[in-house]
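Input: a single structure, listed below in structure tokens.
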Amino acid sequence: LVWVRFPSLSMVFYDESFLLYLASVVGKPIKMDTNMLHAYRGRFPRVCVQVDLSKPAMGRVNIWYHIEYESLHLLCVLYGHYGHQKKDCSK
Numbered sequence: 399l400v401w402v403r404f405p406s407l408s409m410v411f412y413d414e415s416f417l418l419y420l421a422s423v424v425g426k427p428i429k430m431d432t433n434m435l436h437a438y439r440g441r442f443p444r445v446c447v448q449v450d451l452s453k454p455a456m457g458r459v460n461i462w463y464h465i466e467y468e469s470l471h472l473l474c475v476l477y478g479h480y481g482h483q484k485k486d487c488s489k
């Protein structure tokens with residue numbers, strides 16, 4: 399499980415059903431940070447998602463919003479694979 403952030407997402411999209419749909423592009427949504435919905439922590443929406451680390455990670459979704467993975471320090475953003483960082487990529 400990993401928390402996925404949607405930074406710079408317009409507050410217009412801060413809707414639970416939309417955010418769960420958006421997170422489903424990344425993996426299986428498990429739960430969302432409800433503090434964000436109540437404006438307790440409104441910097442960016444977060445959704446906890448079950449991801450398959452054997453598949454390439456999504457760096458963007460079709461609405462063209464950048465997403466960030468918390469605590470996945472070995473994620474190569476060039477190829478979306480887990481196990482090394484961009485600076486250590488041999489491809």
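In our numbering, each number is its position in the sequence shown, counted from 1, plus 398.
Ideal Cβ placement from N, Cα and C applies to all residues, glycine included.
Owing to the predicted nature of the structure, the values given are computational and were not obtained by experimental measurement.
Take the Cβ of ARG441 as the centre, count every other Cβ of all protein chains shown within 10 Å, and call the residue buried at 16 or more, exposed below. The count along the sequence shown starts at 1 and reaches residue 441 at position 43. Under a 10 Å Cβ-count criterion, ARG441 is classified as exposed, with fewer than 16 other Cβ atoms of the shown protein chains found around its own Cβ.
In terms of residues, what are the limits of the beta strand (DSSP E) holding MET430? In the sequence shown, the residue the question calls residue 430 occupies position 32. Segment 426-430, the beta strand (DSSP E) holding MET430.
Measure from the alpha carbon of THR432 to the alpha carbon of each residue in TYR467, CYS446, VAL423 and LEU420, then state which is nearest. Position 34 of the sequence shown, counted from the start, is the residue given in the question as residue 432. Closest by alpha carbon: CYS446.
Bridge partners for CYS446 per DSSP, in chain order? Locating residue 446 in the sequence shown gives position 48, where the first residue counts as 1. The partner list for CYS446 (beta bridge, DSSP) reads TRP401 and LYS429.
Around the Cβ of PHE404, are there at least 16 other Cβ atoms within 10 angstroms (buried) or fewer (exposed)? One-based indexing of the sequence shown puts residue 404 at position 6. Result: buried.
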